[in-house]
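Chemist: Residues 1 to 230 (UniProt numbering) are what the sequence shown spells out, left to right.
For glycine and all other residues, C-beta sits at the position ideal for the given N, C-alpha and C.
Sharing a structure here in structure tokens format.
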Amino acid sequence: MRVDRFLSNLPRYNRKQVRLLLVEKRVRVDGKVVSDPHSEVLEFSRVEVDDEVLQLGKPARYFMLHKPPGCVSATRDPQHPTVLDLINEPDKDELHIAGRLDFNTTGLMLITNDGAWSRRLTQPQTKLPKVYYVETEQEIGAQYASTFAEGIYFAFEDLTTQPAQLELLGPRSARLSIVEGRYHQVKRMFGFFNNKVLRLHRESMGPLRLDDALKPGEYRALRTEEIHLF
Ligand code: URA
């Protein structure tokens, strides 16, 4: 298909805008700037406008992993096993993690090569809840829930966390739902009360729940309907 037709078929651009994008050299096909409206876009061409990927160029792949403790949420690490070491798939270097977890945090980890999908899942603006099971060293006080609902100021980033919901499960255990994924966010939220997190497990991200059939370290491909849930 011609690139001008490919772009004007998208709901976001009309023909005039497409002509302008091409003239302004903002469109890339397979990494090369194209300005000729007749340039060809194939099913597996990668199409970008500015820094946004409109078509991936490769079949999109999506996996759900039950992250075990003691592994790093990175694609490479000189010392420790990584979550990517647990995945036995071709072209692993094209995959990335949608929402990292700390070394000893366990639970749901989503891995994909679709950047737009992982951004939708993780960016705070989409407000998809990330739900964690938490165990702490000290008792969880009655005031935690209202403080978390109001937000906590993180001086390092100079921001206040978005409202979070806390459900007490026992004196030292709770379920926490947050819509962001700031660095060590859950530990820092409990750290506000000088309460150390001893166990942290992610149960779900948006509509995707960790599959009970997956043991720690196991993974599976997402089903088509799971990919399109949000
Ligand atoms: N918050 C944390 O502090 N650690 C995690 O691994 C995830 C959320």
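Note down the Cα distance separating THR161 from GLU40, rounded to an integer number of angstroms.
Modeler: Those two C-alpha atoms are separated by around 45 Å.
Chemist: To which residues does DSSP link VAL34 through a beta bridge?
Modeler: VAL34 is not bridged to any residue.
Chemist: Below 7 Å, is the gap between the Cβ of GLN185 and the nearest heavy atom of the ligand URA?
Modeler: GLN185 Cβ: within cutoff of the ligand URA.
Chemist: Please tell me whether LEU108 and GLU203 are closer than 8 Å, where the distance is taken between their beta carbons.
Modeler: The answer is yes: Cβ separation under 8 Å.
Chemist: Which whole runs of the alpha helix (DSSP H) in the segment 98–136 are 4 residues long or more, in chain order?
Modeler: Fully enclosed alpha helix (DSSP H) runs of 4 or longer: 115–122.
Chemist: Please report how far the alpha carbon of GLU48 lies from the alpha carbon of ALA149, in whole angstroms.
Modeler: Spanning the two alpha carbons is a distance of roughly 39 Å.
Chemist: Excluding the 5 residues preceding and the 5 following HIS184 in the sequence, name in chain order all residues of the same chain whose CB lies nearer than 7 Å to its CB.
Modeler: Hits under 7 Å: ASP102.
Chemist: When DSSP labels each residue in this structure, what does ILE227 get in the three-state scheme?
Modeler: In the structure shown, ILE227 sits in a helix (DSSP, three-state: H, G or I).
Chemist: Shortest alpha-carbon distance to PRO171 belongs to which of ILE140, LEU200, SER146 and ALA145?
Modeler: The shortest C-alpha separation from PRO171 is found at ILE140.
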